[in-house]
Amino acid sequence: MKITGTLAACLLLLATFGCFSGANWVSGHQSDPCEAVVMMSSPSKDVVGFLALTQMKYGVKLVGWLMGLKPGRHGMHVHTFGDVKTDGCTSTGLHYNPHNATHGGPYSAPNMRHVGDLGNVVANEQGIAVVNFFDSVISLTGPLSIDGRAIVVHAQEDDLTPNTNPGPRVGCGTIVKITKTKKYH
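Put into structure tokens, the structure is as follows:
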């Protein structure tokens, strides 16, 4: 399914409005405003999505959606570089791994996983994956911030082992921190 520019612009406006309004656009409940956003796409424009990231006391909450995936499980990772333009999703580099740890999963000990190991998302029969999870290792602040890096979704499941190969990169987007401005009276 190809997404037109108009539809993509509408989705961006909807996502941005939901993000800044303080309402959780997935559930409609009030929540903390997100602090970073990711507009997911693919070179073929088949995969699109939106993620909102919120820094919490002990990690980051990720909520959003992806569409255009094949039904099933898909590995999702933070990759080192936020460059999604030069060579599509392949210019994002390897999984973000500042500690040179082995590959693991989101529930592995912090020294037994890449910082960027987020696990899997599950696409339904229509190819839509709803993202709603918390990760205690990633951060939007400090020297190991993921701001400016990329989130990548892969074609296949990540088995969360050191030798995993979740296949080609089918969607990606740069993590962009939202700048909050103060209002003066």
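Letter by letter, the sequence shown follows residues -22 to -1, 1 to 163 of mature numbering (1 follows the signal peptide of the UniProt record, and there is no 0).
We put the CB at the ideal spot given by N, CA and C, even for glycine.
Source: prediction; values computed, not measured.
With burial defined as no fewer than 16 other Cβ atoms inside 10 Å of the residue's Cβ, what is the status of residue 85: buried or exposed? exposed
Give every residue of the same chain whose Cβ lies closer than 7 angstroms to the Cβ of residue 151, excluding the five residues on either side of it in the sequence, and list them in chain order. 16, 17, 18, 19, 62, 128, 129
Return the Cβ separation of residue 106 and residue 116 in integer angstroms, given the expectation that the two are a contact with Cβ distance under 8 angstroms. About 24 angstroms; that fails the 8 angstroms criterion.
Just to confirm, is the Cβ distance from residue 24 to residue 46 under 8 angstroms? Contact annotation: residue 24 and residue 46 have beta-carbon atoms nearer than 8 angstroms.
Considering only their Cβ atoms, is the gap separating residue 122 from residue 31 smaller than 8 angstroms? no
If contact is defined by three or more beta carbon pairs under 8 angstroms, each pair taking one atom from either stretch, is the region 35 to 43 in contact with the region 76 to 85? In this structure the region 76 to 85 does not touch the region 35 to 43; the number of beta carbon pairs closer than 8 angstroms is below three.
For residue 53 and residue 75, what's the separation of their Cα atoms in angstroms? 16 angstroms
Whole-angstrom distance between residue 135 and residue 49, CA atom to CA atom: Answer to the nearest angstrom: the Cα atoms are 11 angstroms apart.
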